[in-house]
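Structure record follows, encoded as structure tokens.
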Amino acid sequence: MRNRLVKVLLMLLVGVVAGGPLVMAQEAAPVVSAPAMVSATAAGGTQTDRIAVLEKQVTDQATAIAAAQTAGDNAWMLVSAALVLMMSGPGLALFYGGLVRKKNILGTMMQTFAMMAVITVLWAIVTYSLAFGDGNAFIGGLGNMFLHGVGLAPDVKYAATIPLQTFMVYQLMFAIITPALITGAFAERMKFSAMLVFMVLWALIVYSPMAHMVWGKGGLLNAALGGMFPCLDFAGGTVVHVTSGVSALVTAIYLGKRLGYPKVPMPPHSVVLSFIGACLLWVGWFGFNAGSALGAGTLATSAFVATHFGAAAAALSWSAVEWIRNGKPSALGAISGAVAGLVAITPGAGFVTPMSAIWIGLIVGVFCFFMVVKVKAIFGYDDSLDAFGVHGAGGTLGALLTGVFASSTINPIFGAGKPTGLLEGNAHQMLNQVTGVAIAWGLSIVGTLVILFVVDKTIGLRVSAADEEMGLDLSQHGEEGYDWAH
Amino acid sequence: MQKIEAVIQPSKLDAVKDALVEIGVEGITITEARGHGRQKGHTEFYRGREYAVDLLPKVKLETVVTDEMAEKVIDAIMGAARTGTIGDGKIFVTKVDEAIRIRNDERGDVAL
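Protein chains in written order, with this note's numbering: chain A, 486 to 971; chain B, 87 to 198.
Put into structure tokens, the structure is as follows:
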């Protein structure tokens, strides 16, 4: 009996030390001080009753601490989910909208906005289940269709301290922006109806399996939940950027060039809109990367810092190389560099130090500049807004550099003190990273080609030449973004 | 009467207007214009792609003055609009046969 009393006292003490401010905030569960308890015992109350009361208090406090942590984590994750949605509309919609000619701004913005609606409903029906439901190494099952079993209790395998619905809606925001990124490659020439069908099929055939393989329970590439090839992808380097970027390239080539490209000048109609969009992307990316910690702890801070440093370094390096080559650092170059940096740091955000993030940013800024300016010109494809040049190329490089710079001091994902990245001596991790990237490339190329073929042969992919000349705003939506007459 | 048309840099409009008011010019018409002279515009770069912009923003200023005023107006515009760099613009002078004030039928110099 005496031992039990001592144990309860110790637990109380630990509870007070560990959860000090939280416990103090719980008025309903006041901390009973040791002297008060001793006097109660001395006063003659039965010891058994007293211990029962104390045990209940300890349990209550543990519950209160858990609830407080859940509340804190959940608050951050809901904000993160909203930040990621902000990346799509308004962020990406403005970024892409400013880069097209003015007759296509609404058509371009609508493509991103449509993703917010279509992918959401599809997610609830089936794609969440295919991505995160129980299944095999390649794809989830149908057990969570119509969000069956996706309630407010946490799923400890994915995130122990937030409601599963929070996890579900956070992941949904990734599923929205990923296909929206592809629209940059086929801007100014795809039918709206074809785009909708293409994206629904793409979410089913490319996104869901890739998300399952990297993040789903038992997924082939899952590093945290026992995948065969543990590929490090903190916030979606392969799942989001490689899949969207490579699919973008395939689509741009399949669809063909815009009328007049590259002879007719097609400069952005408003770099100002793109500038605002890019800044919103940068801010939203904190939710994208730091939110991927799935809690409000120190890992979120680390990912937040790495994200910011990576973006800043890439903005500088893109601008520097542009300044040297063209004599001027352009605003469009600076924001493009920042986006490239954000893309490249995404897979490594929760694995690398701030200084490694700067290195990744510096490298990718130069790399993506040459992909967009030189490589695109050499091969002659019309990736209208450089979805591949920035996301496909930057995502691939970022995934590989994650294998180089990943540090066990930031995230001991393979066990405390075990080498994580190449620089720590884990050369094998590079093989896993290459495997992850290769699967993402392969699935994107094959899946996208099949979808394009099916849509092309059924409803047709491309607007007529007359409609393209008129612009997507009028031909697809019957309205204009700018009415100069009034 | 002489009509003086000056195509000038937009940034010099205020200075030219002030100079004209100072010498007693009463009516002017301003049009936002685009064009180029011998320098043929400039180039812009968007993600490494080069675009030639050969129609630059300009301001066209028109005023009709008496024959005696014409040289003073030309001098005023020259003085206020010149920066000495390419793209400062040009002045054209044409003879005007008649000027009529719609409000009260006045004609000739008094209508200006």
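Ideal placement from N, C-alpha and C gives every residue a C-beta, glycine not left out.
Going by CA-CA distance only, name the one from Ala825/A, Leu591/A, Gln554/A, Ala785/A that's closest to valine 857/A.
Looking at the Cα atoms, Ala825/A is the closest of the given residues.
Rounded to the nearest angstrom, what separates arginine 124/B and tyrosine 132/B at their Cα positions? Rounded to whole angstroms, the gap between the alpha carbons of arginine 124/B and tyrosine 132/B is 25 Å.
Does DSSP put glutamine 961/A in a helix, a strand or coil? helix
Next on the checklist: Taking beta-carbon pairs under 7 Å, can you tell me which members of the segment 120–131 of chain B lie near chain A?
Outcome noted: Residues passing the 7 Å Cβ filter: Glu130, Phe131.
With distances taken from CA atoms, which of Gly921/A, Ala796/A, Pro648/A, Asp619/A is nearest leucine 765/A?
Ala796/A
Any Cβ of chain B within less than 9 Å of the Cβ of alanine 862/A? yes
| query | Who are the neighbours of aspartate 871/A on chain B, taking C-beta pairs under 7 Å? | reply | From the beta-carbon of aspartate 871/A, the residues of chain B found nearer than 7 Å are Arg133.
| Counting contacts by CB-CB distance shorter than 9 Å, is leucine 974/A in contact with chain B? | Absent from the model: residue 974/A. The displayed extent of chain A is 486 to 971, so no value can be given.
Check: Taking a cut of 9 Å between CB atoms, which residues from the segment 747–773 of chain A lie near chain B?
Finding: Within the segment 747–773 of chain A, those residues whose Cβ lies closer than 9 Å to any Cβ of chain B are, in chain order, Pro747, Pro750, Met751, Pro752, Pro753, Val756.
Checklist entry - Smallest Cα separation from threonine 117/B: which of Thr149/B, Arg193/B, Glu154/B? => result The closest CA to that of threonine 117/B, considering only Thr149/B, Arg193/B, Glu154/B, is found on Thr149/B.
Problem set entry | Nearest candidate by alpha-carbon position, reference proline 639/A, set Ile662/A, Ala551/A, Leu615/A, Ser678/A | Taking only the C-alpha atoms, the option nearest proline 639/A is Ala551/A.
Quick check on lysine 742/A: does DSSP put it in helix, strand or coil?
coil
Could you tell me which residues DSSP puts in a beta bridge with valine 139/B?
His128/B
How many whole angstroms separate the CB atoms of leucine 734/A and phenylalanine 873/A, which I take to be in contact at a CB cut-off of 8 Å? 4 Å
**Within-9 Å CB hit, valine 857/A to chain B** = At least one CB of chain B lies nearer than 9 Å to the CB of valine 857/A.
Q | Minimum Cβ-Cβ distance from arginine 810/A to chain B less than 9 Å | A | yes
query: Per the contact definition of three or more C-beta pairs closer than 8 Å, is the segment 778–788 of chain A in contact with the segment 643–656 of chain A?
result: yes
Q: Take every Cβ of the segment 828–843 of chain A, pair it with every Cβ of the segment 861–873 of chain A, and state whether three or more of those distances are shorter than 8 Å.
A: no
Query - DSSP beta-bridge partners of glutamine 88/B - result: Val151/B, Lys181/B
CA-to-CA distance, glutamate 192/B to isoleucine 160/B, given in whole angstroms: 26 Å
| Is the closest heavy atom of the ligand GTP to the C-beta of threonine 838/A under 8 Å? | The model on display carries no ligand, and the ligand GTP is accordingly not part of it.
For a cutoff of 9 Å on Cβ pairs, would you count alanine 29/B as touching chain A? Because residue 29/B is not part of the residues shown, which for chain B are 87 to 198, the question remains open.
One question on the structure: do isoleucine 177/B and valine 93/B come within less than 9 Å of each other, judged by their Cβ atoms?
yes
- Message: For a quick check, are the C-beta atoms of leucine 957/A and asparagine 589/A less than 9 Å apart?
- Response: yes
| query | Whose Cβ in chain B lies nearer than 8 Å to the Cβ of serine 821/A? | reply | Arg133
Nearest neighbour of valine 768/A, chosen from Pro575/A, Ala805/A, Asp941/A, Leu717/A [CA to CA]:
Checking every option, the nearest Cα to that of valine 768/A belongs to Pro575/A.
Host beta strand (DSSP E) of glycine 121/B (start-end): Start and end: 115–121.
**Request:** Indicate the three-state DSSP secondary structure (helix, strand or coil) for alanine 644/A in the structure shown.
**Result:** strand
Short of 7 Å in beta carbon distance, which residues of its chain neighbour leucine 740/A, apart from the five on each side in sequence? Order them along the chain. Phe671, Arg674, Met675, Leu946, Arg947
(request) Determine the DSSP secondary structure at isoleucine 895/A, reduced to helix, strand or coil. (result) It is coil, neither helix nor strand.
**OP:** Compare the C-alpha of glycine 963/A against each of Asp545/A, Ala829/A, Ile536/A, Met595/A and name the closest.
**Re:** Met595/A
Let's test the definition: count the other Cβ atoms within 10 Å of the Cβ of glutamate 112/B and tell me whether it reaches 16, buried, or not, exposed. By the C-beta density criterion, glutamate 112/B is exposed, having fewer than 16 other C-beta atoms within 10 angstroms.
Exercise. List the DSSP bridge partners of cysteine 716/A.
Key: Asn707/A
Where do the N-terminal and C-terminal ends of the alpha helix (DSSP H) with glycine 902/A fall, by residue? Looking at the DSSP string, glycine 902/A is not in any alpha helix (DSSP H), and its letter there is neither H nor E.
Next on the checklist: Taking the straight line between their C-alpha atoms, what separation do you get for alanine 101/B and serine 804/A?
Outcome noted: Per the coordinates, the alpha-carbon of alanine 101/B lies some 37 Å from the alpha-carbon of serine 804/A.
(request) Pick out the complete alpha helix (DSSP H) segments inside the segment 624–705 of chain A, 4 residues or longer, and give them in chain order. (result) 649–667, 677–687, 693–700
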